[in-house]
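Enquirer: Numbering (the numbering used here), first residue to last: 16 to 226.
Cβ coordinates follow ideal geometry from the N, Cα and C atoms, glycine included.
From a predicted model like this one, the values you see are computed outputs, not experimental measurements.
1. Using the beta-carbon count (16 or more within 10 Å), is residue 36 buried or exposed?
2. Please identify the residue among 18, 68, 49, 22 whose C-alpha is closest to the C-alpha of residue 28.
3. Measure the alpha-carbon distance for residue 80 versus residue 43 and round it to whole angstroms.
4. I need the straight-line Cα distance from residue 96 to residue 113, nearest angstrom please.
5. Taking only runs that begin and end inside the segment 156 to 190, name each unbroken alpha helix (DSSP H) of 4 or more residues, in chain order.
6. Round the Cβ separation of residue 54 and residue 72 to the nearest angstrom and send it over; I've been treating them as touching at under 8 Å.
7. Between residue 102 and the rest of its own chain, which residues show a CB-CB distance below 6 Å, the 5 nearest in sequence each way excluded?
8. If you run the structure through DSSP and keep just helix, strand and coil, what is residue 47?
9. What runs of the alpha helix (DSSP H), each 4 residues or longer, lie entirely inside the segment 64 to 102?
10. I need the straight-line Cα distance from residue 56 to residue 111, nearest angstrom please.
11. Assign residue 124 to one of two classes, buried (16 or more other C-beta atoms within 10 Å of its C-beta) or exposed (fewer than that).
12. Report the three-state DSSP secondary structure of residue 17 (helix, strand or coil).
13. Between 32, 26, 63, 82, which lies nearest to residue 47 when the distance is taken from Cα to Cα?
14. Reducing DSSP to helix, strand and coil, say where residue 142 ends up.
15. May I ask you to report which of helix, strand or coil DSSP gives residue 216?
As structure tokens, this is what we get:
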């Protein structure tokens, strides 16, 4: 199985982007120890070389979900700033959240559509009422319904009804995909500083400078 984890430095200073890079490497090393695979699906670089404003990482393997949970929440990299020697601050925060990446696409099939003839009014309605040329088409999986009576032939209204249903379903899929993307980027504003769920520090004798 695989899960996606989105790490963001939020709107924090450049040290947070540096901290994200350090935490990402620590996460990847931890995953390797747990016989899991990681892949950086998407990265947004920071202003400094070797830093990241955000990273989307895929974690694959047995127990990937539990592992991702252990890295979810507010993460803290505890180390002195590599950019500002005078600052006394040593806690740099990053947020990590599991997120949905792939949204299911609806498969449109005419076999899933119930088409019935119906009568409607309006211009030319007398002819249409007698001939029942209007069409009510219902897409059973989604419950979407369209009624078409613009043409004087049942077959033409049926064709239009199927086209409209297909377009509405495609637009619904596109809206869902946009919502997932918007939700992922909203994480940038959800970073909570303090009360971290995980604190990491540089190892002894390890060079944790950017680059």
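Expert: Well, looking at it:
1. buried
2. 68
3. 15 Å
4. 28 Å
5. none
6. 7 Å
7. 96
8. helix
9. 79 to 85
10. 15 Å
11. exposed
12. strand
13. 82
14. Annotation note: pLDDT 49 at residue 142 (below 50); position unreliable, coordinate value reported separately. Here residue 142 sits in helix by DSSP.
15. coil
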